[in-house]
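Participant: To start, I am sharing the structure in question, which I have written as structure tokens.
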Amino acid sequence: KPPSSIISSGTPHVCPPGRSETHHELELGVIIGERARHVSVDKAMQYVGGYCLALDMTDREGQQQAKSAGKPWTMAKAWDTSCPVSQFVAVAEVPDYQVLNMWLKVNGERSPRQFGSPSQMIFDIPTLISEVSKFHTLEPFDIILTGTPEGVGPVYPGDTITAGITELDIELRVPIVSWESVI
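Adding 14 to a residue's 1-based position in the sequence shown gives its number in the numbering used here.
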């Protein structure tokens, strides 16, 4: 994701140009603490500086169009405001990332649309860091998004996403606005 995609809690997320919705994907963000290149799985956690909660907002219609045409999905995942993130939490404050419980609600729903833990991920964080560092040199403050639990879905202008990590007392609040409202 480009730097222009990253926004903090409270900053409006703008639907992609020409679209009236976007889809939320709740993810744990792993913040790189020092330069990492060709890192082995067994040493990968030494490069983690901290964590955050992230939303990998997706233009699902654009993603499907790109897939059908055999093109990359970059534009469907990386426009301005497409990666809201919470405050960063130092790795020393998170004894075991696997037991964190992440949740997401839209418009204050009583039960979360998404709820999950990193222990449910297909690939663990050391594996992700190792694989990414084979192809991309990771720099301090780079963020790796780790994958999303069940329950992804659309949001529309006027909606508000709230998401959190229970054990870290983190909450992310993201109002959704239309592209037309900001141009």
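All residues carry an ideal CB built from backbone N, CA and C; glycine is no exception.
Can you find the residues in the same chain that come closer than 6 Å, C-beta to C-beta, to THR95, ignoring five residues on each side of it along the sequence?
Facilitator: Here residue 95 is taken as the residue at index 81 of the sequence shown, counted from 1. The answer, listed in chain order, is ILE21, HIS27 and VAL28.
Participant: Excluding the 5 residues flanking LYS119 on each side, which residues of the same chain have their C-beta closer than 6 Å to its C-beta?
Facilitator: Along the sequence shown, read from residue 1 onward, the residue named residue 119 stands at position 105. The residues are PRO126 and THR176.
Participant: When the distance is taken between beta carbons, is PHE129 closer than 8 Å to TRP117?
Facilitator: Translated into positions along the sequence shown, residue 117 becomes position 103. Translated into positions along the sequence shown, residue 129 becomes position 115. Contact: yes.
Participant: Count the other CB atoms, across all protein chains shown, that sit within 10 Å of the CB of GLY122; report buried if there are 16 or more and exposed otherwise.
Facilitator: Within the sequence shown, residue 122 is the residue found at index 108, counting from 1. GLY122 comes out exposed.
Participant: Return yes when the Cβ of TYR170 is within less than 8 Å of the Cβ of ILE139, no when it is not.
Facilitator: Numbered from 1 along the sequence shown, position 125 holds the residue referred to as residue 139. Numbered from 1 along the sequence shown, position 156 holds the residue referred to as residue 170. Going by C-beta atoms, ILE139 is not nearer than 8 Å to TYR170.
Participant: So MET89 packs on GLY76, CB below 8 Å; how close in whole Å?
Facilitator: As a first step, residue 89 must be located in the sequence shown, where it is residue number 75. As a first step, residue 76 must be located in the sequence shown, where it is residue number 62. MET89 to GLY76, Cβ: 6 Å. Contact.
Participant: Measuring CA to CA, which of GLY43, SER34, LEU69 and ILE190 is closest to PHE8?
Facilitator: Nothing about residue 8 can be read from this structure; the chain reaches only from 15 to 197.
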